[in-house]
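>
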Amino acid sequence: MINFAKFEIIGRIGEIDARPKVTLLSVCANYRRKGDDDEWQEDSHWNRVSVFSEGQRKHIADRAQVGDLVRIAGRLKDSSYERDGVTHYTTDRIVEEFGILAAKGMPS
């Protein structure tokens with residue numbers, strides 16, 4: 041039996057940070073929720089994802105821009121590190137699937 045932890049995000053790119061071996065993306069996903077006054081409100085969440093695949097990194101460098109609507113899916117990886125005697129825990133979102141749904145400025 042295969043066990044897995046997956047994520048899927050549909051949202052707009054807010055930042056593209058290309059580094060030597062990884063491209064980091066910030067993607068904003070919007071949710072609607074009722075506020076205290078029973079009116080619907082937008083509730084935005086920023087998600088940072090890591091792209092390691094050379095093919096996907098090249099596709100992002102060649103075609104993706106801040107503001108594009110994208111679909112991203114992948115796996116979750118928990119890790120920890122120590123700094124100044126304190127243990128910090130993180131959850132990494134590692135991209136396995138990436139697609140541009142609409143270019144910047146196009147309606148979603």
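Mapping to our numbering: the sequence shown position 73 is 113, numbers consecutive. A virtual CB, placed ideally from N, CA and C, is assigned to each residue, including glycine. Since this is a predicted model, take the numbers as computed values, not measurements.
Grab the span of the beta strand (DSSP E) containing residue 122 for me, first residue to last.
On the sequence shown, position 82 is the one that residue 122 refers to. Segment 109 to 123, the beta strand (DSSP E) holding residue 122.
> Less than 8 Å between the C-beta atoms of residue 136 and residue 103, yes or no?
Stepping through the sequence shown from its first residue, residue 136 is reached at position 96. Stepping through the sequence shown from its first residue, residue 103 is reached at position 63. Cβ atoms of residue 136 and residue 103: not closer than 8 Å.
> Can you tell me whether DSSP reads residue 95 as helix, strand or coil?
Walking along the sequence shown from the start, residue 95 turns up at place 55. It is helical.
> Within the same chain, show all residues whose beta-carbon is closer than 8 Å to that of residue 146, passing over the 5 residues directly before and after it, in chain order.
As a first step, residue 146 is located in the sequence shown; it is residue number 106 there, counting from the start. Closer than 8 Å at the Cβ level, and outside the excluded window around residue 146, lie 109.
> Using alpha carbons as the reference points, say which of 43, 63, 49, 143 lies closest to residue 113.
The residue labelled residue 113 in the question sits at position 73 within the sequence shown. Comparing Cα-Cα distances from residue 113 to each of 43, 63, 49, 143, the minimum goes to 49.
> If the criterion is Cβ atoms closer than 8 Å, does the pair residue 35 and residue 119 meet it?
No information on residue 35 is available, as it lies outside the stretch 41 to 148 that the chain covers here.
> Put residue 100 into one of helix, strand or coil per three-state DSSP.
Counted from its first residue, the sequence shown places residue 100 at position 60. Three-state result, residue 100: helix.
> If you run the structure through DSSP and keep just helix, strand and coil, what is residue 59?
As a first step, residue 59 must be located in the sequence shown, where it is residue number 19. DSSP places residue 59 in coil when its eight states are reduced to three.
> Write down the C-beta distance between residue 152 and residue 96 rounded to the nearest angstrom, noting that I regard them as a contact closer than 8 Å.
With the chain covering 41 to 148 only, the question about residue 152 has no answer from this structure.
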